[in-house]
Each structure stands twice: as C-alpha cells, then as structure tokens.
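To start, the structure itself, in structure tokens.
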Amino acid sequence: MNLQDFSLRRYRKRLLPLSILLLLVILSARVCGVSGEGLRSGIIKGYAFLGHLFPPDWAAFPEMIGPAFESVVIALLATFFGVFLSLCFALAAAANISYPWLRSLSRAFIAIERSLPEIIIVLILVAAFGLGPVPGMLALTLGCIGMLGKLFADAIEEIDIVTIEAIEAVGANKGQVIVFGVLPQIMPRVISYAMFRFEINIRLSVLLGAVGAGGIGYELDSAFNLLQYHRAFTALIVTLLLVFIIERLSGYLRKKIKVEGALK
Amino acid sequence: MKNPSPILLPSVRYRRRATVFVLLSLAITGISIYLNFNPLLLFTEFHYVRDLIGEMLPPNFSILWTNKTILGSVGQTLAMAFLGTLAGGTIAICMAFLAASNTMPLKLVRIFVRALLALERIIPVLVTVLLFVIAVGLGPFAGVLTITVTTVGTFGKLFTEAIENAEHAPAEAIFSVGATRWQVAHFSILPQVLPSFIANFLYAFDINLRVAIGLGIFGAGGIGLQLYMAMKVLHYPDALALLCVSTALIMLTEKLSDHLRKKIL
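The listed protein sequences derive, respectively, from chains S and X. Add 65 to a position in the first sequence, counting from 1, and you land on the number used in the numbering used here. Add 16 to a position in the second sequence, counting from 1, and you land on the number used in the numbering used here.
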C-alpha cells in the first residue's frame, strides 16, 4: 500500500458517474420546478389541509359500500378475463409450443400492450364506449395481458419438455398436449400470478375510477373536486380498508400455494 | 412440496374440476350482470371503436415539431420519473436500514418504520396525487412527490428483506475487529446489497415512467396532460401521435433498463 491508493485517482472511477447523476438531478429539478421553498410552504399548506379532512362524514359511509363493491367486482372480472386471455396469448408466444411467426406476432402484441399504461387505455375506451365500469374493466383486462402474458409465456418456456414428449409419443394432438401437458405444470404459477395481479387491479381500479370508470375512485375524486372533504375522507378510509384487506387475503392465499420462483 | 398429494380417482378429479368450473362461470355471469356488461356488446358496438380509430387515423405527427411544448412535456415526464425514482429509492434505502433487524437494534424503531412502510403501501396513488396537488399546486413537482412516496412504499419492504438476507459472516468479521454499527453497515452490508438496489432502481424507473404519464391526467403535467387535453378537445389525430410518442418512450426505457440490469447483475 502506498500513497497513491489514497489519491484522487482511486475515486476517479466513481467521479464521472456521480457528476453525471448530479447534473441530471439539477437539470430535472429545474424542469420540474422543484424548490425547497415550495416544499416548505407545501408542507404547511398540506398540514392545514389535513385539518379540513377531519372528522370523516360517517353518514356517507353506507353510500360508499356500493362503489367499493363495484371497484372490487371490476378488478375481479378483469382478472378472470385477463388471466384467460393472457393464457391464450402466452401459449401463442411460447417458443416450445407455438410456431415462430405466431410467436413473434404474439410477443409483439404483448410488448405493445405492456407499454400502454392502463389509464391511457381507459381514456381511449371511454372515448369509444362512454363512461361507466365497462371501459375500466376492459382496460384492466388489456393491462393484464401486458404483464401476465409475458410472465406466463416465460413460465411455459421453462416447463419440463419430457412430459410433453411422452404425451406426444402416445399420439396426442396439440390441444391435448396443452390441456394435459402444459397447463397442469404451470397452474400453480398461474394462480399465484393471478392473485398478485388482482391486488394490482384493485389499486388500478381505484385510480381508473377517477377518469370515469366508476367505483370508489370516482366517489373519492368527485368528493375532492366538490370540496366535500369530510366525504372524501370517508371514501379514503373505505379505500384504505379495501386495499389492506385484499392485500392480506392475497398474501395469505399465496403463502398457502407456495411456488418456487413466484412473485412476492 | 413435502407431502405428495394423494392420488385421486379420475371420477373424483373430474367432479372437482367441474365444480370449480361451474362456480367460476356462475361468478363471472353474476358479476357481468351486476356491471351491466354484455360480452356480445363488444361485437355489436364494435363500430364505435372502428369510428374512433377512423377518426384517429392518420396520426398527426406534425404536432411534434409545430407545437414546441410537446418536447418540453416529454422532458417533464422523464424528469418527473427520474427524480421521483431517485428520491424515493434513496429514502427507501434509508428506511430499509432502519427497518432491518440486523442493522437496527432498537425494536421500537423497527416496528415504527415497518408500520410506516406498510401504510405507505396501501395508500392509493390517486389519494397521494390529489393531496400533493393541493399542497404544492398543479405541476410536475406534485408528480415528483407522488412518485417518491409510491416508490418508498413499493421498495421499502423489498430492500428491508434484501438487507436482512445479506450474508452475516462478513458483518460479524468486521464487527469483531472493532467496527462500529455504522461501519458494519457501510463496509459489509452495503456492498452486498448495492447491485440489487441499483437494478431495482432501474426497474423502478421503468414503472415510474408509466405512472408519471398517468399522473399527468391528475394535474402533474407532462405528456400525460397533453394526451388528456387532446382527447378532451377531440383532436384525435394529435392524441394518436402523442400516444405513439409515449409508447415509444416506454418501450425504449424498458429495453434500456433491461440491458443495464443484465449488465449489473
């Protein structure tokens, strides 16, 4: 060990990335208008605003149950349809089941789907079908394909090929191979991913409600816009309870169905 | 699995499958009726989608260079996602060190930080953004704060688990030659978990870009707001062009982040 080890040279390797990072931070802070002054006054304003929320309007509580149920139901139906469609797309996108041209087509579709945020999809669907829970449900279904399609396709590509060969050897056609060879192998993972996605769908259905998909998100957003803050606080409490319960339930169920390599 | 599942007679197996199938289809039908959702409508009313697509085509790409604000909004969205990811990730790392059992000796602090992280995870994005828009006003700053909070919620728990799963032997070795707790965290645990943290940062940026586009609609500005406005005033060709821009942006980021992540891990 000599003196050179403590010179600037030792840190030069880190200096460049760090200075680039700092430059980017300063640049984007300027673009976004981030300021300490704004944050300070914002904290004071936000704190004062929280005072307006209390106490929650308990009379509005029964009115919130229906929309909350609607949010859950939208997410549930979207998960059902989404998982089914994702399975179809994943089977078409898996290298060991599908034909090469079908595979690239399906993969491309899944990739495009994944790069469209659900909220943008719902904007387009609302323009086509009008307001209501159906566009929200369809948007969540399409969102499922983007995420689950890729995960399922990867799961199918990892399955044990020996089973498939055995089934093929006794004369099964493509449909039978899929039903008796592929699906039983990926089923635990499908269920685990589906529950994970259901959790995401619940959160998203709250968000989508605000752009016109109905449910508790709509109640929350409209109460905020009408300055009915007590009512908004009630909706907030219901939402938090909803998300919390669903998260616990899904976590518990996923722990029961333990799968190797499953999402946490 | 430890105990192999008992072998069932095919008749029992089929009956079980049939029950699950019937229950599922009953649930789906029930919910569809409740939501007034008729799958056939998708086909009979498909002409609405066709009309919309007809109105959108061809995309008006000239808006990208005639309207100077578009490029600025793309920059705003990117900057929002970047700052939010960096700030949120950094706070998440700090909180993870406070919540992990091998770096934080005080149980009370651990429980408090864990509760805070759990609370942050269940607060919906919608609520956070509405609150921040009221607190700091419309604009990307509210978006940055929202993304920061969500990122802390998503990654706090993950980072805590990563720290707790770090190898104990190096930490003990350093501790036994007289290192302080701070030094143990700095020289033994941080080098072990840093690559996975950076990989997670890249992943988070990927996700946060989508969130940033979505947040634009709720008043955080950026490309999401431009898209929303174009849809609202029925300038569909402009909207399609903006849609293509945001899709390309997300796809590029995803490819880039995948590439960088593979290099790091």
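C-beta atoms are modelled at their ideal positions from N, C-alpha and C, and glycine is treated no differently.
Partners in chain X for residue i, counting only beta-carbon separations shorter than 8 Å
i, result
"S/M202", "L51, F53"
"S/G214", "In chain order: nothing, as chain X lies at least about 15 Å away."
"S/V303", "None at all; the shortest Cβ gap to chain X is about 11 Å."
"S/R268", "P140, V141"
"S/E312", "R137, I138"
"S/F309", "I138"
Interface residues of chain X facing residue i [CB-CB closer than 9 Å]
i, result
"S/G282", "P140, L142"
"S/F145", "L40, A43, I44, I47"
"S/D286", "L142, L146, F234"
Anticipated Cβ contact below 8 Å, residue i with residue j, distance rounded
i, j, result
"S/L142", "S/M212", "Rounded, the Cβ-Cβ distance is 17 Å, inconsistent with contact."
"X/G238", "X/A246", "Contact doesn't hold; Cβ gap of about 13 Å is too wide."
"X/S89", "X/L241", "7 Å"
"X/I205", "X/T119", "6 Å"
"S/L272", "X/L225", "With 8 Å as the limit, S/L272 and X/L225 do not qualify as a contact, their Cβ atoms being about 16 Å apart."
"S/L318", "S/N266", "Not really, about 15 Å apart at Cβ, beyond 8 Å."
"S/R145", "X/I233", "Checking the sequence, you will find Phe at residue 145 of chain S rather than Arg. Contact doesn't hold; Cβ gap of about 27 Å is too wide."
"S/A193", "X/V249", "That pair is no contact at about 17 Å."
"S/G240", "S/A158", "No, S/G240 and S/A158 are not in contact; Cβ-Cβ is about 17 Å, not under 8 Å."
"S/R168", "S/A160", "6 Å"
"X/A257", "X/P75", "4 Å"
Exposure of residue i, with buried meaning 16 or more beta-carbon neighbours within 10 Å
i, result
"X/Q92", "buried"
"S/G326", "Low confidence applies to S/G326: its pLDDT is 45, below 50, so where it sits in the model is not reliable, and the reading given next is rough at best. Counting Cβ neighbours within 10 Å, S/G326 comes out exposed, since fewer than 16 surround it."
"X/P26", "exposed"
"S/M66", "Confidence in S/M66 is poor, its pLDDT being 49 and thus under 50, which makes the residue's placement unreliable; the coordinate value appears in the next sentence. By the neighbour-count rule (16 or more Cβ atoms within 10 Å), S/M66 is not buried but exposed."
"X/C260", "exposed"
"X/A112", "buried"
"X/D222", "buried"
"X/T164", "buried"
"S/P198", "buried"
"S/D225", "exposed"
"S/F119", "exposed"
"S/R105", "exposed"
"X/G46", "exposed"
"S/D286", "buried"
"S/F245", "exposed"
"S/V235", "exposed"
"X/D254", "buried"
"X/S192", "exposed"
"S/R268", "buried"
"X/Y244", "buried"
"X/T162", "buried"
"S/Y112", "exposed"
"X/S78", "exposed"
"S/L80", "exposed"
"X/K123", "exposed"
"S/L328", "A caution first: S/L328 carries a pLDDT of 47, below 50, which makes its placement in the model unreliable, though a value can still be read off. Its Cβ having fewer than 16 others within 10 Å, S/L328 is exposed."
"X/K18", "Confidence in X/K18 is poor, its pLDDT being 45 and thus under 50, which makes the residue's placement too unreliable to answer from."
"S/E284", "buried"
Where residue i meets chain X, residues with beta-carbon distance less than 7 Å
i, result
"S/L318", "What S/L318 touches in chain X: nothing, since even the nearest Cβ is about 15 Å away."
"S/P198", "L51"
"S/G107", "A151, V152"
"S/V227", "None at all; the shortest Cβ gap to chain X is about 19 Å."
Contact list for residue i against chain S, beta-carbon separation under 7 Å
i, result
"X/F157", "C97, G98, V99, G103"
"X/I233", "I184, V276"
"X/G91", "V96"
Contact set between residue i and chain S, taken where Cβ atoms lie within less than 9 Å
i, result
"X/M96", "S93, V96, C97"
"X/L259", "L181, I185, I189"
"X/I229", "P182, I184, I185"
"X/I266", "R179, S180, L181, P182"
Residue i: contacting residues in chain S (beta-carbon distance under 8 Å)
i, result
"X/A108", "Near X/A108 there are no residues of chain S at all, since even the closest Cβ is about 16 Å away, more than 8 Å."
"X/M120", "Simply none; closest approach about 21 Å."
"X/E270", "R179, S180"
"X/T263", "I177, S180, L181"
"X/L68", "I189, A192, A193"
Residue-level contact to chain A via CB, residue i, 9 Å cutoff
i, result
"S/P132", "The structure shown has no chain A; the protein chains it does contain are S and X."
- Query: With a cut-off of 8 Å, do at least 3 Cβ pairs link the stretch 203-221 of chain X to the stretch 53-67 of chain X?
  - Reply: no
- Query: Would you call the stretch 265-272 of chain X and the stretch 172-180 of chain S in contact, with 3 or more CB pairs under 8 Å?
  - Reply: yes
- Pick out the complete alpha helix (DSSP H) segments inside the stretch 245-281 of chain X, 4 residues or longer, and give them in chain order. 252-280
- Does the pairing of the stretch 126-133 of chain X with the stretch 259-278 of chain S give three or more beta-carbon distances under 8 Å? no
- Task: Let me know the beta strand (DSSP E) ranges lying completely inside the stretch 160-229 of chain X, each 3 residues or longer, listed in chain order.
- Result: none
- Item | Stretch-stretch touch, CB-based, cutoff 8 Å, three pairs: the stretch 235-255 of chain S with the stretch 121-133 of chain S | no
- Item | Stretch pair the stretch 165-184 of chain X + the stretch 103-112 of chain X: three plus CB contacts closer than 8 Å | yes
- Message: Report the start-end ranges of each alpha helix (DSSP H) in the stretch 172-260 of chain S that is 4 residues or longer and not cut off at the edges.
- Response: 183-194, 198-222, 226-234
- Message: For the structure I just gave you, are there three or more beta carbon pairs, one from the stretch 291-305 of chain S and one from the stretch 224-240 of chain S, closer than 8 Å?
- Response: no
- Query: For the 8 Å Cβ check, are there 3 or more pairs between the stretch 135-148 of chain X and the stretch 193-212 of chain X?
  - Reply: no
- Cβ contact check for the stretch 269-282 of chain S and the stretch 184-198 of chain S: 3 or more pairs under 8 Å: yes
- Sufficient close CB pairs (3 or more, under 8 Å) joining the stretch 149-163 of chain X to the stretch 96-112 of chain S: yes
- At 4 residues or longer, and completely inside the stretch 83-135 of chain S: list those alpha helix (DSSP H) runs for me, N to C. 101-118
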